[in-house]
Amino acid sequence: MITKNMKLVDVVKTFPGSIEIFNKERIDYCCGGKNLLEDALRENGIDVDSFVSMLNEKIAEYDAKNGSKIDESRYALPIDQLIQVIEDTHHYDERVLLSELDKLINKILIVHFDHHGDELLKVHRLFADLKKELEEHFIKEEKIVFPVMIQIMQGVKDSDKAFSYIKELENEHEAAGDIIKELQQVTRDFTAPKDACPTYVGTYEKLKKLVEDIFMHIYYESAVLFVKVEELVQ
1 MITKNMKLVD
11 VVKTFPGSIE
21 IFNKERIDYC
31 CGGKNLLEDA
41 LRENGIDVDS
51 FVSMLNEKIA
61 EYDAKNGSKI
71 DESRYALPID
81 QLIQVIEDTH
91 HYDERVLLSE
101 LDKLINKILI
111 VHFDHHGDEL
121 LKVHRLFADL
131 KKELEEHFIK
141 EEKIVFPVMI
151 QIMQGVKDSD
161 KAFSYIKELE
171 NEHEAAGDII
181 KELQQVTRDF
191 TAPKDACPTY
201 VGTYEKLKKL
211 VEDIFMHIYY
221 ESAVLFVKVE
231 ELVQ
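In terms of the UniProt record's numbering, the sequence shown has 3 at position 3, counting the first letter as 1, and numbering is strictly consecutive.
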């Protein structure tokens, strides 16, 4: 049962179907996973009691219909295997999407500038910021932070370095989250204009796909990987 005093990360673990609902309401369960549900709802101007009641009503029906977006097998993976999964799925998939979107966003900016220039210039700028943030984040994790985490799993106890890296990565997660919030606002939650061509519509759909994967990526790092590392060094 979901209660208003639960942390967002625990709500997601209890009811994975809440991810889609949180995304719709722009509730940050990845970077803000340690926040209480009640506080997050009040911050977004959402009635707490009615929202919690709605979540509890939807638990059974939602999971039965849609299934879980959470791969619960990852909770049990050792640190090195979890890191490999994150690199093989989220890092790889997001790099592919970033490359594809880079070309598509430039294309629709050129084609639709006369009618939607203001919007697309903002999308172009925000996407460039997000791409830079993510690509630098990926390489830092792969070359510096993840190897240190694996060493900790193997018995090297360096708590200061571990906590420093985790804090740094969490700050980067928050920076990416801030950019995503702006993108959601500018694109009306990735809804193309009524006169948009199929490429315009498809670009926004692909951008939404990227954002949803980023949310899951951050969730697995902040709520699963980082917790495992912190437990070893405490």
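For glycine and all other residues, C-beta sits at the position ideal for the given N, C-alpha and C.
Work out the CA separation of residue j and residue i for me, nearest whole Å.
i, j, result
"F22", "L225", "22 Å"
"E230", "I150", "12 Å"
"T199", "N171", "34 Å"
"M1", "N35", "18 Å"
"F215", "D47", "24 Å"
"N66", "R95", "Note that N66 has pLDDT 49, beneath the 50 cutoff, so the model's placement of it is unreliable and the number below is only indicative. Cα to Cα, the separation comes out at about 27 Å."
"I218", "C30", "6 Å"
"G32", "K7", "9 Å"
"E212", "E72", "17 Å"
"D102", "I83", "26 Å"
"G177", "K157", "31 Å"
"H112", "T203", "13 Å"
"residue 239", "I144", "This structure leaves residue 239 out entirely; the chain is present only between 1 and 234."
"I110", "H91", "29 Å"
"G117", "I108", "10 Å"
"I79", "A175", "25 Å"
"S99", "Y75", "30 Å"
"Q81", "M54", "36 Å"
"K132", "V227", "26 Å"
"E25", "Q154", "41 Å"
"D39", "D114", "42 Å"
"K206", "K13", "26 Å"
"R188", "S159", "42 Å"
"F163", "E87", "21 Å"
Taking the alpha carbon of residue i as the reference point, which residue from the options has its own alpha carbon closest?
i, options, result
"E43", "M54, S53, D28 and L210", "D28"
"L37", "Q234, K4, S18 and G177", "K4"
"E119", "A162, G33, P193 and V156", "P193"
"P147", "L77, E136, I180 and K161", "K161"
"V85", "E25, E142, I152 and V201", "E142"
"N56", "V11, E20 and R26", "V11"
"E168", "C197, Q81, I152 and F138", "F138"
"E20", "L126, I59, S50 and S53", "I59"
"Q184", "T14, E100 and F127", "F127"
"K140", "S50, P78 and I166", "I166"
"E135", "V52, D93 and L77", "D93"
"H173", "L130, D189 and D195", "L130"
"E221", "F15, G45 and L77", "L77"
For the putative contact between residue i and residue j, defined by C-beta atoms under 8 Å, what is the C-beta separation to the nearest angstrom?
i, j, result
"A181", "L97", "Just to set this straight, residue 181 is Lys in the shown sequence, not Ala. Not confirmed; about 19 Å, so no contact."
"residue 236", "V186", "Since the first and last residues shown for the chain are 1 and 234, residue 236 lies out of range."
"V233", "I152", "6 Å"
"V9", "A223", "4 Å"
Starting from residue i, trace the alpha helix (DSSP H) both ways and give me its first and last residue.
i, result
"I27", "No alpha helix (DSSP H) contains I27, which DSSP labels as neither H nor E."
"Q81", "I79 to I86"
"A8", "Looking at the sequence provided, one finds Leu at residue 8 rather than Ala. First-last of the alpha helix (DSSP H) with L8: L8 to T14."
"E72", "Careful: E72 lies outside any alpha helix (DSSP H) and carries neither H nor E."
"L37", "L37 to E43"
Legend entry - Length-filtered (3 minimum) beta strand (DSSP E) runs lying within the UniProt domain "Hemerythrin-like" (88-226): none
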